[in-house]
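Here is the structure we will look at.
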Amino acid sequence: MTHNDSRAHPDDVPAEALHATPEGTVDVTGTPPKYHVDFDEKSLKKQKFTAGFVAPTAGALFRLFGRYQVLGDEHIPPSGQPAIFVAYHASYLDPILIGLTLWYRGRLPHYLAKSPLFTGVLGAGLKAIGQIPVLRDSVHAGGSLVYARAALEGGQSIVIYPQGTLTKDPDLWPQASKSGAARLALSTGAPLIPVAHWGLDRSMPVGAKIPKPRPQDTLRIAFGPAIDYSDLDGLTTANIRTLTNRVTSHIAAELAVLRGEEMPERFRADYRPAAGRTEGDTA
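If you count by the numbering used here, then the sequence shown holds residues -7 to 275, one letter each, in order.
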């Protein structure tokens, strides 16, 4: 972004703007009303009610792409506690996999998703279950993190793809993260839970337009321990950069476990294992 570029990105939200108004409503001045979302008790109740109808159908359809095995679900914070899930993104199917896994473990995930998805029938469905639009290349883009903070203050789960898009790495390792998740964590104190998955590249790899049913497959998804950032005090440029790199390395560590491979050297410098855990542990 150049000095004269007036466009905003979620990473550009000033720390003092990350606040929610009372009772879970959000004040994002100028954000188009059709992209507004609330996390007050009444709105959350409606969102969960709708999700209760959507999840069984989505789960039945997802069986076309295989059954899935979950590792580390003990690292998913209990319902009512805020959590930021930072996820590996390598297929257009992975939001469904992650969403179903969290839903059936007591969490309604609120994704930060690009605003073009919030149109038509799909858009109505996303809004009905409390998903958060990101108005990319817009002066309102930063509002998504304000909404995310409102959700966290209500004890909800946020799912962020730190890469911002599908990985383009030729070996399918995560690419460098953007700073939004780190900034949100440092400004709220919410735990950062790394999430990786493996197997969807066979059903819908990067670049594919139509998924290929593979009901015989076994998909694997892993949740790692909360990323330790207790050594980072304050929303400083250095801390944001350090935690952003740490997020990438912890996603890579979970992915390495699922792939049964060593984590590439380029991720090791920023990896900070939880107490009592070493690289390669599955729990």
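Each residue gets a CB set at the ideal place from its N, CA and C atoms; glycine is no exception.
| task | Check whether the Cβ atoms of residue 244 and residue 190 sit closer than 7 Å, and answer yes or no. | result | no
| Just the Cα atoms here: how many angstroms apart are residue 182 and residue 235? | Roughly 13 Å between the two C-alpha positions.
| Taking C-alpha atoms, which residue in 120, 150 and 71 lies nearest to residue 102? | 150
| task | Count the other C-beta atoms from every protein chain shown that fall within 10 angstroms of the C-beta of residue 238, then say buried if there are 16 or more, exposed otherwise. | result | buried
| query | In chain order, which beta strand (DSSP E) runs of at least 3 residues are fully inside the segment 29 to 74? | reply | If one requires a minimum length of 3 residues, the beta strand (DSSP E) runs lying completely within the segment 29 to 74 are 59 to 63, in chain order.
| Quick one: what's got a C-beta closer than 6 Å to residue 72's C-beta in the same chain, skipping five residues either side? | 147
| Which residue from 85, 28, 53 and 39 puts its Cα closest to that of residue 213? | Among 85, 28, 53 and 39, the Cα nearest to that of residue 213 belongs to 85.
| task | Would you kindly work out how many angstroms separate the C-alpha atoms of residue 206 and residue 52, rounded to a whole number? | result | 14 Å
| For the candidate residues 145, 126, 160 and 163, whose alpha-carbon lies nearest to that of residue 152? | 126
| message | Checking 7 Å against the spacing of the C-beta atoms, do residue 155 and residue 67 come in under that value? | response | no
| message | For a test of the three-state rule: what should DSSP assign to residue 360, helix, strand or coil? | response | The requested residue 360 does not occur in the structure, where the chain is confined to residues -7 to 275.
| If you draw a straight line from the alpha carbon of residue 43 to that of residue 122, how long is it in whole angstroms? | 9 Å
| Excluding sequence positions up to five away, which residues of its chain have a Cβ less than 6 Å from the Cβ of residue 175? | 232
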